[in-house]
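K.L.:
Pasting in a structure now, in structure tokens, and then I'll have a few things to ask.
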Ligand code: HEM
């Protein structure tokens with residue numbers, strides 16, 4: 000008989016799961032259509048006109064979905080997981096980094112196991128904060144700046160405002176794409192490779 004007990008914590012409320020599913024799907028669509036627009040010559044995955052249309056509509060829906068996330072985190076207990084304690088910040092990052100690069104291969108205990116007070120480890124927390132309160136709002140705002148070029152500044156220190164906005168938009172989009180790949184890979188590090196993905200479907204985090 001296996002006496003190892005599995006601890007199940009309800010950490011992903013319905014609204015987070017619905018937001019996350021919508022957000023992940025939209026980001027995938029935005030990446031495919033965004034790349035199709037950027038590399039439209041001689042022609043890529045999606046035809047240029049269709050890519051522009053789908054990219055714009057997805058960007059608008061992403062804005063709404065981001066507002067849901069922002070307001071949800073402001074008014075529900077989920078927001079507390081995104082508040083980074085200042086004291087011992089670098090030490091916690093270092094401990095988590097050492098765990099990911101050495102400890103995990105020695106089957107050491109995780110330095111910051113998941114519990115109801117902190118569902119993210121320090122590296123995960125910083126990544127999610129940078130992503131959700133930095134890159135995503137940045138890509139959304141620059142996207143709106145490109146959608147309505149008449150509201151974007153004409154020039155900034157001698158450079159075209161539109162070119163700069165475009166460059167920021169593409170750079171932020173690229174950053175989000177890279178983080179997303181790393182994010183999905185790190186999600187496989189759980190009780191077993193699929194358990195974190197199941198958490199985002201049924202709401203329960205599993206650990207032992
Ligand atoms: C196919 C793409 C994606 C998959 C399979 C995926 C998977 C997951 C899984 C399994 C979790 C729960 C485990 C954890 O907390 O680390 C999670 C959480 C999270 N993901 Fe993703 N993700 C994807 C895309 C994205 C994208 C594009 C973003 C943001 C731009 C994102 C942001 C987040 C955030 C902020 C959380 C924590 C939510 C919370 O509990 O407050 N994910 N993701």
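Residue numbers (our numbering): 0 to 207.
From the three backbone atoms N, C-alpha and C, an ideal C-beta is built for every residue, glycine too.
Just to confirm before moving on: does the CB-CB distance between residue 151 and residue 140 stay below 8 Å?
P.N.:
In this structure, residue 140 does not lie closer than 8 Å to residue 151 by Cβ.
K.L.:
Here's the rule: buried if 16 or more other CB atoms are within 10 angstroms of the residue's CB, otherwise exposed. What is residue 154?
P.N.:
The residue is exposed, with fewer than 16 neighbouring Cβ atoms inside 10 Å.
K.L.:
State buried or exposed for residue 5, treating a residue as buried only when at least 16 other CB atoms are found within 10 Å of its CB.
P.N.:
Residue 5 comes out exposed.
K.L.:
Can you list the alpha helix (DSSP H) stretches of 4 or more residues lying completely in the stretch 66-104, in chain order?
P.N.:
If we require 4 residues or more, the alpha helix (DSSP H) runs fully inside the stretch 66-104 come out as 88-100.
K.L.:
In the DSSP assignment, what are the bridge partners of residue 215?
P.N.:
Residue 215 lies beyond the residue range present for the chain, which begins at 0 and ends at 207; the question has no answer from this structure.
K.L.:
Whole-angstrom Cβ separation of residue 16 and residue 179, contact assumed at under 8 Å?
P.N.:
With 8 Å as the limit, residue 16 and residue 179 do not qualify as a contact, their Cβ atoms being about 17 Å apart.
K.L.:
For residue 136, which residues from the same chain have a beta carbon less than 6 Å from its beta carbon, with the 5 sequence-adjacent residues on both sides left out?
P.N.:
Hits under 6 Å: none found.
K.L.:
Suppose the cutoff is 8 Å on Cβ atoms and the five residues either side in sequence are ignored; what does the same chain contact list for residue 34 look like?
P.N.:
If we look at residue 34 and ignore the five residues flanking it on each side, its Cβ neighbours are 43, 44.
K.L.:
Would you identify the three-state DSSP class for residue 158, choosing helix, strand or coil?
P.N.:
Of the three classes helix, strand and coil, the one that applies to residue 158 here is strand, per DSSP.
K.L.:
Quick one: grab the DSSP three-state call for residue 173.
P.N.:
It is helical.
K.L.:
Quick check on residue 49: buried or exposed, where buried means 16 or more other Cβ atoms within 10 Å of its Cβ?
P.N.:
When all chains shown are included, residue 49 counts as exposed.
K.L.:
Reducing DSSP to helix, strand and coil, say where residue 1 ends up.
P.N.:
With a pLDDT of 45 at residue 1, under the threshold of 50, the predicted position of this residue should be treated as unreliable, though the coordinate-derived value follows. Note: residue 1 maps to coil in three-state DSSP.
K.L.:
Using a threshold of 7 Å, is the CB atom of residue 123 nearer than that to any non-hydrogen atom of ligand 1?
P.N.:
At least one heavy atom of ligand 1 is nearer than 7 Å to the Cβ of residue 123, so yes.
K.L.:
Quick check: the Cα distance between residue 156 and residue 167, rounded to an integer number of angstroms?
P.N.:
About 15 Å.
K.L.:
Residue 22: which of 59, 100, 52 sits nearest, CA to CA?
P.N.:
Measuring from the Cα of residue 22, the nearest candidate turns out to be 59.
K.L.:
Are there any heavy atoms of ligand 1 lying less than 7 Å away from the beta-carbon of residue 26, as far as the coordinates show?
P.N.:
Checking the Cβ of residue 26 against ligand 1 gives yes.
K.L.:
Taking DSSP as the reference, what is the three-state secondary structure of residue 165?
P.N.:
If DSSP states are grouped into helix, strand and coil, residue 165 belongs with the helices.
K.L.:
What does the alpha-carbon distance come out to for the pair residue 147 and residue 54?
P.N.:
So the alpha carbons of these two residues sit roughly 14 Å apart.
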